[in-house]
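**Q**
Number of protein chains: 2
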Amino acid sequence: MKYAELTKEQLDTLLAAQRREYEEIAAKGYKVDIARGKPCFEQAKLAFGMLDAPMAEDFPKSSLNYGGLEGIPEMRALFAQILGLEPSEVFVGGNSSLNLMYDTVQRGMQFGFDGCEPWNRSAIKFLCPVPGYDRHFGITEHFGIEMINIPMNEDGPNMDLVENYVANDPSVKGIWCVPKYSNPTGITYSDEVVTRLATMPAAAKDFRIFWDNAYCVHDLTDTPAKLANIMTIAKKAGNEDRIFEFASTSKITLAGAGVACMGMSEKNLKEALSHITFQTIGYDKVNQYRHYVFLRSVDHIKEIMDRQREIIAPKFKAIIDALAQNFGDDCDIASWTEPRGGYFISLDVLGGCAKEVGRLCKAAGLTITSAGATYPYGKDDADRNLRIAPTFTSESDLPAAIEILIASVKLACMSKLAEEKE
Amino acid sequence: MKYAELTKEQLDTLLAAQRREYEEIAAKGYKVDIARGKPCFEQAKLAFGMLDAPMAEDFPKSSLNYGGLEGIPEMRALFAQILGLEPSEVFVGGNSSLNLMYDTVQRGMQFGFDGCEPWNRSAIKFLCPVPGYDRHFGITEHFGIEMINIPMNEDGPNMDLVENYVANDPSVKGIWCVPKYSNPTGITYSDEVVTRLATMPAAAKDFRIFWDNAYCVHDLTDTPAKLANIMTIAKKAGNEDRIFEFASTSKITLAGAGVACMGMSEKNLKEALSHITFQTIGYDKVNQYRHYVFLRSVDHIKEIMDRQREIIAPKFKAIIDALAQNFGDDCDIASWTEPRGGYFISLDVLGGCAKEVGRLCKAAGLTITSAGATYPYGKDDADRNLRIAPTFTSESDLPAAIEILIASVKLACMSKLAEEKE
Chain A
1 MKYAELTKEQ
11 LDTLLAAQRR
21 EYEEIAAKGY
31 KVDIARGKPC
41 FEQAKLAFGM
51 LDAPMAEDFP
61 KSSLNYGGLE
71 GIPEMRALFA
81 QILGLEPSEV
91 FVGGNSSLNL
101 MYDTVQRGMQ
111 FGFDGCEPWN
121 RSAIKFLCPV
131 PGYDRHFGIT
141 EHFGIEMINI
151 PMNEDGPNMD
161 LVENYVANDP
171 SVKGIWCVPK
181 YSNPTGITYS
191 DEVVTRLATM
201 PAAAKDFRIF
211 WDNAYCVHDL
221 TDTPAKLANI
231 MTIAKKAGNE
241 DRIFEFASTS
251 KITLAGAGVA
261 CMGMSEKNLK
271 EALSHITFQT
281 IGYDKVNQYR
291 HYVFLRSVDH
301 IKEIMDRQRE
311 IIAPKFKAII
321 DALAQNFGDD
331 CDIASWTEPR
341 GGYFISLDVL
351 GGCAKEVGRL
361 CKAAGLTITS
371 AGATYPYGKD
381 DADRNLRIAP
391 TFTSESDLPA
401 AIEILIASVK
411 LACMSKLAEE
421 KE
Chain B
1001 MKYAELTKEQ
1011 LDTLLAAQRR
1021 EYEEIAAKGY
1031 KVDIARGKPC
1041 FEQAKLAFGM
1051 LDAPMAEDFP
1061 KSSLNYGGLE
1071 GIPEMRALFA
1081 QILGLEPSEV
1091 FVGGNSSLNL
1101 MYDTVQRGMQ
1111 FGFDGCEPWN
1121 RSAIKFLCPV
1131 PGYDRHFGIT
1141 EHFGIEMINI
1151 PMNEDGPNMD
1161 LVENYVANDP
1171 SVKGIWCVPK
1181 YSNPTGITYS
1191 DEVVTRLATM
1201 PAAAKDFRIF
1211 WDNAYCVHDL
1221 TDTPAKLANI
1231 MTIAKKAGNE
1241 DRIFEFASTS
1251 KITLAGAGVA
1261 CMGMSEKNLK
1271 EALSHITFQT
1281 IGYDKVNQYR
1291 HYVFLRSVDH
1301 IKEIMDRQRE
1311 IIAPKFKAII
1321 DALAQNFGDD
1331 CDIASWTEPR
1341 GGYFISLDVL
1351 GGCAKEVGRL
1361 CKAAGLTITS
1371 AGATYPYGKD
1381 DADRNLRIAP
1391 TFTSESDLPA
1401 AIEILIASVK
1411 LACMSKLAEE
1421 KE
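This is the structure in structure tokens:
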């Protein structure tokens, strides 16, 4: 349906009915949350074997003491396999890849990379594909780094724009990327986009791609997306120092209690370690070893992820089905992505309505990610994008969440159109 | 014995015999290590119950997901009891208190404290009681912070010097302290020293005491040292924002896989969290909860530490007995501390000999902490101080370590005296 093509009278009638429907739903006193990309308890339970297995006696003694700054060899090798890197290119850290990203940006600010001037010394910029991950933008904003929006296409960020900035502006030092099952759009960068990122000329020698491969094994369908190996391509072009890759087991084992890693050239890793050696004696190797014993192999990780998929794919489907049912057939007030993996559905509503949808959802008992959060500085100029995180809510709560979301989108957008017709 | 009072002939005779003895020991091919304050495997085993207990089903669901930036309430309360703070003054982090210290200094450098200018903006200084902890000095050196040596007395740092610097030089922003069973001297700050630190006037509003209470429950005798509660005293003087306290369970449960904490005023903690919230979604709450279940109470921690003491106190005794036997009776080439807790014995040898002792030890198969490491920039101008870490070596290896150490001290010091008599 094209709501914009309705007459004022038709729209007013529909709007009045929609307002009643929304108010009935709001009166039900629901309390549901689809705001953050958090695994649900059933997913966490799949990792309980890791917590309960008697294993201390089997641990190598070296895991039970200080040292081993770069992580245990077993986990370096496993992450290397997952990411298509050499074990010598992998650093295994603590529980949080976000922490590794923040610390990496902080090292750029404080010390600089590869002999270049510390980023603190002058005004620098990061490119931010939008919509994107709010916590990435939070880090760069916190350090006072200017953020430049880059629109996302179906196959990744608009590369003409990216190349132009990176080739000509030496103050552009980085780009945030979630290249597979992107947060929040769910798209995966095409081979061409990955190649252009890895090979494009850069005005700044210390330009870095923050490659947050958070959803590297997080498929939701039988036709998983294939992400090209950016490190392999970068190496051929002599650009391997450009890549800072990140991943973690947070959404494989336990959110907040997993193991995170960084992948980078041996030269970059050596430089990182030259700072990290002052920061800590080493990350939690017991947790690293616990993970190694539990995860074992890439194949076993695939099995775990298949079981997770059984739990969460129906939740994605329920939301997408409801969106299709209500806004299908080329509807002009809502469009959305159908991700083949990852943790999010990206929902675009009629321009100028996203904040109002958020307000209506909240008033009816549904927490969603703040409108604007998927943009640097929280500013979605078109006020269109909403991020939907289906995983955390229980299946029994999901119908309520969907009911509120659909009713709020309809009410907000119809109200806006009706106003415009005044 | 006073070696300096021997005639040249007497000394030459002793030296020749000592050289033969050293060479015989060196020829035995020992390989032992008393370099780092690492717990031994028997100590680690005391915590295996923590790793093996089936417990996941008992975990609160909130521990099994993201969030809870300030740490789980149970561990905040337990650390608060240990340190004499309010739970609201305790932040529970990851596996490393050193990491919390580094990050705190980094926040001072990047963002500044309490509205003051970031430390990066001008040349700043830290006071460093010496001998002290090499990794503290490593952090400040890495950030280019000028370090000023403050001699340690029996009851803590020379407070006349400290007060003079802090009152008059606004570029003095911090002091490193290990107030209980100090690394490496083993002394505990007296009530007077703690009071003077907490109440002294400071030229810099953002002067901070880095209070590394690493050995708060690490007693080795029946007469444990009592450390005054610096936060209580600071509060009375209105100086509570001056204190950054740190501790961890690394030497209670597992080195490198424990839980670390920071204690600070609620105002400071709020400021710290305003930055940490961009750094991570939260530290490993599963490990925090695992620790809570295992440690339970201050009384139970005391029991664990008593069992650790049974393992390590004999190692301290063996070394101290050997030192007394060889260098007792007011000997002029070696003096040492007899710590009532902590992880170190501080050994002072004849000036100008510490590096040579280190070289001889190494050549005979004994690794000890590099001479000079206990001083900022690795520079012990008197070349006197050596740090002995008795815990890690097995009891069966300890006699070899002692044999090499004693022979090396004697040979180095006698050689030096003999040279001086040429």
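First to last, the sequence lines map onto chains A and B. Using this note's numbering, the first residue of the first sequence is number 1, and each one after it goes up by one. Using this note's numbering, the first residue of the second sequence is number 1001, and each one after it goes up by one. For glycine and all other residues, C-beta sits at the position ideal for the given N, C-alpha and C. No experiment lies behind these values; they were computed from the predicted model shown.
Pull up the CB-CB distance for Y289/A and F59/A, whole angstroms please, since I reckon it's below 8 Å.
**A** Correct: roughly 5 Å between the Cβ atoms.
**Q** Using a Cβ cut-off of 9 Å, which residues of the segment 1238–1265 of chain B contact any Cβ in chain A, in chain order?
**A** Answer in chain order: S1250, L1254, A1255, G1256, A1257, G1258.
**Q** Buried or exposed, going by whether 16 or more other CB atoms sit within 10 Å of the CB of V178/A?
**A** Answer is buried; the Cβ neighbour count reaches 16.
**Q** Ignore the nearest five residues each way along the sequence and tell me which others in L1046/B's own chain have a CB closer than 7 Å to its CB.
**A** If we look at L1046/B and ignore the five residues flanking it on each side, its Cβ neighbours are I1304, R1307, Q1308.
**Q** With contact counted as at least three CB pairs below 8 Å, one residue from each stretch, are the segment 233–250 of chain A and the segment 1217–1226 of chain B in contact?
**A** Touching, no.
**Q** Residues of chain A with a CB under 9 Å from the CB of V1092/B: which are they?
**A** Per Cβ cutoff of 9 Å: no residues; V1092/B is ~13 Å from chain A at best.
**Q** So, is D1212/B buried or exposed, given that buried needs 16 or more other C-beta atoms within 10 angstroms?
**A** Burial call: buried.
**Q** On the three-pair Cβ rule with 8 Å, is the segment 148–159 of chain A touching the segment 186–194 of chain A?
**A** Yes, since at least three Cβ pairs between the segment 148–159 of chain A and the segment 186–194 of chain A fall closer than 8 Å, the two stretches touch.
**Q** Going by DSSP in three states, D306/A sits in which element: helix, strand or coil?
**A** Looking at D306/A - three-state DSSP - the assignment turns out to be helix.
**Q** Where does G1132/B land, buried or exposed, given buried means 16+ other C-beta within 10 angstroms?
**A** So G1132/B ends up on the buried side.
**Q** Within its chain, find whatever has a CB closer than 7 Å to the CB of T223/A; leave out the 5 residues flanking it on each side and keep chain order.
**A** These residues qualify, in order along the chain: R340.
**Q** Is there at least one Cβ from chain B nearer than 9 Å to S63/A's Cβ?
**A** Taking Cβ atoms only, chain B reaches closer than 9 Å to S63/A, which makes this a yes.
**Q** Give me the DSSP bridge partner(s) of I243/A.
**A** Note: I243/A sits in a beta bridge opposite I209/A.
**Q** Evaluate contact between the segment 367–381 of chain A and the segment 251–264 of chain A, counting only Cβ atoms and requiring at least three cross-stretch pairs below 8 Å.
**A** Because the criterion of three Cβ pairs below 8 Å is not met, the segment 367–381 of chain A and the segment 251–264 of chain A do not touch.
**Q** Quick check on R1387/B: does DSSP put it in helix, strand or coil?
**A** It is a strand residue.
**Q** Give me the DSSP bridge partner(s) of S346/A.
**A** According to DSSP, S346/A bridges with R387/A.
**Q** Can you tell which of L1295/B, I1345/B, G1174/B has its C-alpha closest to the C-alpha of N1385/B?
**A** Taking only the C-alpha atoms, the option nearest N1385/B is I1345/B.
**Q** Please name the residue in G94/A, M75/A, N95/A whose C-alpha comes closest to that of S88/A.
**A** Comparing Cα positions, the closest option is M75/A.
**Q** Three or more C-beta pairs under 8 Å: does that hold for the segment 357–364 of chain A against the segment 102–114 of chain A?
**A** In short, these stretches do not touch, since the Cβ pair count stays below three.
**Q** Looking only at C-alpha atoms, which of Y1066/B, D1169/B, G1049/B sits nearest to A44/A?
**A** Nearest C-alpha to A44/A: Y1066/B.
**Q** From this set, F207/A, T140/A, G144/A, which residue's C-alpha is nearest V166/A's C-alpha?
**A** The option with the nearest alpha carbon to V166/A is F207/A.
**Q** Quick one: using the 10 Å Cβ neighbour count with 16 as the cut-off for buried, is Q1018/B buried or exposed?
**A** The residue in question, Q1018/B, is buried, as its Cβ has 16 or more Cβ neighbours within 10 Å.
**Q** With a threshold of 9 Å between beta carbons, is I1345/B in contact with chain A?
**A** No, because no Cβ of chain A sits closer than 9 Å to the Cβ of I1345/B.
**Q** List, in order along the chain, the chain B residues whose C-beta lies closer than 9 Å to that of Q110/A?
**A** What Q110/A touches in chain B: Q1106, M1109, Q1110, N1120, F1143.
**Q** Run the CB neighbour count on G1256/B, radius 10 Å, all protein chains shown included, and call it buried at 16 or more, exposed below.
**A** Under this definition G1256/B is a buried residue.
**Q** Measure the Cβ-Cβ separation of N1287/B and N99/A and say whether it is below 9 Å.
**A** No; because the gap between Cβ atoms is not below 9 Å, this pair is not in contact.
**Q** CB-CB under 7 Å to E21/A, same chain, minus the five flanking residues each way: which ones, in chain order?
**A** Result list for E21/A: A407, in chain order.
**Q** So, at 6 Å on beta carbons, what are the nonlocal neighbours of Y1030/B in its own chain, with the 5 sequence-adjacent residues on each side left out?
**A** Only G1365, A1400 meet the Cβ criterion.
**Q** With a threshold of 8 Å on Cβ separation, who are the neighbours of K1205/B within its own chain once the five nearest residues in sequence on each side are excluded?
**A** Excluding sequence neighbours, K1205/B sits near D1114, C1116.
**Q** Around the Cβ of K1410/B, are there at least 16 other Cβ atoms within 10 angstroms (buried) or fewer (exposed)?
**A** With 16 or more Cβ atoms within 10 Å of its Cβ, K1410/B is classed as buried.
**Q** Output the distance between the C-alpha atoms of A371/A and D160/A, rounded to the nearest integer angstrom.
**A** About 28 Å.
**Q** Indicate the three-state DSSP secondary structure (helix, strand or coil) for A1203/B in the structure shown.
**A** Residue state, collapsed to three classes: coil.
**Q** With contact counted as at least three CB pairs below 8 Å, one residue from each stretch, are the segment 80–87 of chain A and the segment 318–331 of chain A in contact?
**A** Because the criterion of three Cβ pairs below 8 Å is not met, the segment 80–87 of chain A and the segment 318–331 of chain A do not touch.
**Q** I'd like the span of the beta strand (DSSP E) that includes A363/A, first residue to last.
**A** No beta strand (DSSP E) contains A363/A, which is instead part of the alpha helix (DSSP H) from 354–363.
**Q** I need the DSSP call for N1183/B, collapsed to helix, strand or coil.
**A** Looking at N1183/B - three-state DSSP - the assignment turns out to be coil, as it is neither helix nor strand.
**Q** For a quick check, are the C-beta atoms of D1012/B and A1313/B less than 9 Å apart?
**A** In this structure, A1313/B does not lie closer than 9 Å to D1012/B by Cβ.
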